[in-house]
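Q: Would you mind keeping the following structure in view while I ask a few things?
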Amino acid sequence: MIVEMVYQPSCGACALVREVLLTRLPAHIHFREINAESPEGESFIERYGIVSTPAVLVDGKLLAEGITGRKEMERVLELIGV
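Everything in the sequence shown is counted per my numbering, starting at 858 for the first residue and increasing by one.
Structure below.
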């Protein structure tokens with residue numbers, strides 16, 4: 858399983874989501890971060906139709922974007938299965 862998070866460096870919610878993912882994801886799950894402001898990130902955003910950060914994808918499927926609260930984050934973790 859691959860979990861990808863699209864973030865912006867100046868996004869406070871992105872930093873919180875990153876922290877939760879890094880502490881809660883088991884070691885066997887590959888975690889990848891994509892900077893939305895990089896050329897790769899811009900291409901990634903266009904490919905997946907992402908309009909808000911932070912965005913979380915699992916195995917290429919967009920699970921959530923614009924995550925701002927604990928309830929949303931818990932739902933994402935539940936969908937990931939952790």
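Glycine included, C-beta positions come from ideal geometry on N, C-alpha and C. Just so we're clear, the structure is a prediction, and the values are computed from it rather than from any experiment.
Compare the C-alpha of glutamate 931 against each of Leu873, Ala884 and Pro866 and name the closest.
A: To locate residue 931, count along the sequence shown from 1; it is residue 74. The residue with the shortest Cα to Cα distance from glutamate 931 is Leu873.
Q: With a CB to CB cut of under 7 Å and the five nearest residues on each side skipped, what residues in its chain are close to asparagine 892?
A: As a position in the sequence shown, residue 892 is number 35, starting the count at 1. Taking C-beta separations shorter than 7 Å and ignoring five residues to either side along the sequence, the partners of asparagine 892 in its chain run Tyr864, Pro866 and Gly898, following chain order.
Q: Could you pull out every residue in the same chain whose Cβ sits closer than 7 Å to the Cβ of leucine 882, ignoring the five residues on either side in sequence?
A: The residue given as residue 882 occupies position 25 in the sequence shown. Excluding sequence neighbours, leucine 882 sits near Val860, Phe888 and Val939.
Q: According to DSSP, what are the bridge partners of glutamate 890?
A: Along the sequence shown, read from residue 1 onward, the residue named residue 890 stands at position 33. For glutamate 890, which the question treats as bridged, DSSP gives the partners Met862.
Q: Applying the criterion that 16 or more other CB atoms from any shown protein chain within 10 Å of the CB defines a buried residue, is alanine 912 buried or exposed?
A: The residue you call residue 912 lines up with position 55 of the sequence shown. With 16 or more other Cβ atoms within 10 Å, it is buried.
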